[in-house]
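Visitor:
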DNA sequence: TTTGGGGATATTA
DNA sequence: TAATATCCCCAAA
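In the UniProt record's numbering, the protein residues as written are 1 to 211.
1. In chain order, what residues of the same chain have a beta carbon less than 6 Å from the beta carbon of residue 40, not counting five sequence neighbours either side?
2. Starting from the Cα of residue 149, find the closest Cα among 159, 137, 158 and 32 and give me that residue.
3. Under DSSP, the alpha helix (DSSP H) around residue 30 begins and ends at which residues?
4. Can you grab the Cα-Cα spacing for the pair residue 229 / residue 19, in whole Å?
5. Output the boundary residues of the alpha helix (DSSP H) element that contains residue 215.
6. Tell me which residues share the same chain as residue 36 and place their Cβ nearer than 7 Å to its Cβ, disregarding the 5 neighbours each side in the sequence.
7. Which term fits residue 38, buried or exposed, when burial requires 16 or more other beta carbons within 10 angstroms of its beta carbon?
8. If I measure Cβ to Cβ from residue 132 and keep anything under 6 Å in the same chain, skipping five residues before and after, which residues do I get?
9. Between which two residues does the alpha helix (DSSP H) holding residue 42 run?
10. What is the C-beta distance between residue 120 and residue 146, in whole angstroms, given that I count them as a contact (C-beta under 8 Å)?
11. Tell me whether the beta-carbon of residue 127 lies closer than 8 Å to the beta-carbon of residue 153.
12. Does DSSP put residue 112 in a helix, a strand or coil?
13. Classify residue 82 as buried or exposed, calling it buried when 16 or more other Cβ atoms lie within 10 Å of its own Cβ.
14. Among residues of its own chain, excluding the 5 on either side of residue 123, which ones have a beta-carbon nearer than 7 Å to its beta-carbon?
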């Protein structure tokens, strides 16, 4: 008598990313720079049961989500879960120091401004989801290591400004604006038909745009 | 030339 | 410190 299902292994069969998998994945993603040639293999080691190709595909899927967010097409992905992953990692101080302190901008060169790379922006968005809006310090320390909290805050300011502008601009039709903002709360969820009905109002609690 | 994106700094709470 | 306001550079319209 064998087992009915082969669910014994500690890892999922394949195309199912649990919440834990996702957390491990994001944590590892933040951990490694993009310069690693075998980045995906390294990350895959942090996500048991996933091959590097699966991890890579998952990452591309995530990027796709982020791009949609950036296009102002979706409200915002799931923000419901808080993570308590206490990790003990610290990174080297790669903070860039400027020669001029800012007061001396008379004849010396002005602050030039280092443009954000796509990777930094992705890390920023990931950090935003992991630590929440406002915790620029944590985001800077754990996600976007190459930026100071002030820089992260500045970037966030522009980012949300742009998001709001897009949303206001797209306030044309409403019915087509309804989209599955939440990948895990949307149509595909065979394991849990009814997830969370915590809100008495039919409107989802968007996490707050005070601007 | 004007406009506005993008980053840094200044000010405020 | 975070939130907000303003400044500055520069590229596109």
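Even glycine gets a Cβ: it sits at the ideal position worked out from N, Cα and C. Computed from a predicted structure; not experimentally measured.
Guide: Result, derived from the coordinates:
1. If the five residues before and after residue 40 are omitted, its C-beta is found closer than 6 Å to the C-beta atoms of 52, 55 and 56, all from its own chain and listed in chain order.
2. When C-alpha distances from residue 149 are compared across 159, 137, 158 and 32, the shortest belongs to 137.
3. Where residue 30 is concerned, the enclosing alpha helix (DSSP H) stretches over 19-31.
4. In the structure displayed, the chain extends from 1 to 211; residue 229 sits before or after that span and is not available.
5. This structure does not reach residue 215, given that the chain is present from 1 up to 211, and the question cannot be answered.
6. Taken in chain order, the residues that qualify are 42.
7. Exposed.
8. Excluding sequence neighbours, residue 132 sits near nothing in its chain.
9. According to the DSSP assignment, residue 42 belongs to the alpha helix (DSSP H) that extends over 39-46.
10. Their Cβ separation, rounded to whole angstroms, is 6 Å, which keeps residue 120 and residue 146 in contact under 8 Å.
11. The Cβ atoms of residue 127 and residue 153 do not sit closer than 8 Å to each other.
12. In this structure, DSSP gives residue 112 a state outside helix and strand, which the three-state scheme calls coil.
13. Here the model assigns residue 82 a pLDDT of 36, short of 50, so the residue's position is not dependable and the matter cannot be decided.
14. Cβ within range, chain order: 30, 143 and 144.
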